[in-house]
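See below for the structure under consideration.
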Amino acid sequence: MAIEQLLILIKPDGIKKSLTGNILTKLSEVRMVIIGAKVLKVSEKLAEEHYYQLRDKPFFSELVDYIQGKIYGEPWNRVLALVYQGEDAISKMRKIAGATNPEEADPVSIRGAYGRITTHGIYENVIHCSSDSSEAKREIELWFEPEEIVKSIYPTKKVVLEKEEKTIWA
Ligand code: IDP
Ligand code: MG
Numbered sequence: 002m003a004i005e006q007l008l009i010l011i012k013p014d015g016i017k018k019s020l021t022g023n024i025l026t027k028l029s030e031v032r033m034v035i036i037g038a039k040v041l042k043v044s045e046k047l048a049e050e051h052y053y054q055l056r057d058k059p060f061f062s063e064l065v066d067y068i069q070g071k072i073y074g075e076p077w078n079r080v081l082a083l084v085y086q087g088e089d090a091i092s093k094m095r096k097i098a099g100a101t102n103p104e105e106a107d108p109v110s111i112r113g114a115y116g117r118i119t120t121h122g123i124y125e126n127v128i129h130c131s132s133d134s135s136e137a138k139r140e141i142e143l144w145f146e147p148e149e150i151v152k153s154i155y156p157t158k159k160v161v162l163e164k165e166e167k168t169i170w171a
């Protein structure tokens, strides 16, 4: 069995329903370690890149709005992004997450217990969970900078940035 890492997102419906604690408790059952975590507002570009494999689906634009929390507005329009690592992490986490369609998901899985299908037909299934190790690598590299992860997981390189503007504490 391999040591794997994966991206978990607590989606805006999970944030709005105040499920962060419940979801983290559920995820902790399989004893993976958190190696990265942050809260962020999802840009349209990030949303589209994250779900690019679904770009031809009829629900794509609603899905892009959903992951940005547009329908909820402030202060729910954000996600909690986490990188977990551990033995066989992806299949273990997917099992606790449950099936994509919350109505078909095991009722004790996260999606089965907390998800719903909206009247617009979007599966609001409260978390995202990478589905294989190549998708996990693509997603972690999309959502996180190398220095935001407390372990070295993928190859990195050094670049010198000039004239880069940065906000620091005043
Ligand atoms: P996954 O999240 O279980 O990996 P994907 O097929 O990658 O499932 O789909 C990404 C997200 O798009 C789902 O979590 C769900 O929110 C939404 N979604 C997927 N398929 C459908 C569908 O048939 N109808 C409505 N929403 C869907
Ligand atoms: Mg997927």
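Counted the way my numbering counts, the sequence shown spans residues 2 to 171. Built from N, CA and C at the ideal position, the CB exists for glycine as well. Just so it is clear, the structure is predicted and the values come from calculations on it, not from any experiment.
- Counting only runs of 4 or more residues that sit fully inside the region 30-97, the alpha helix (DSSP H) segments are 45-51 and 61-68, in chain order.
- For L28, there is no enclosing beta strand (DSSP E); the enclosing alpha helix (DSSP H) has its first and last residue at T21 to L28.
- In this structure, ligand 2 has a non-hydrogen atom nearer than 7 Å to the beta-carbon of S132.
- Annotation for E136: the continuous alpha helix (DSSP H) segment containing it runs S134 to W144.
- Of the residues assessed, L81 falls on the buried side of the cut-off, its CB having 16 or more other CB atoms within 10 angstroms.
- Proximity of the beta carbon of Y73 to ligand 1 is not indicated: no heavy atom of the ligand is located closer than 7 Å.
- Contact check for G116 against V109 fails: the beta carbons are separated by 8 Å or more.
- Taking 8 Å as the cut-off, the Cβ atoms of Q86 and I36 count as close.
- For I4, the secondary structure class from DSSP, reduced to helix, strand or coil, is strand.
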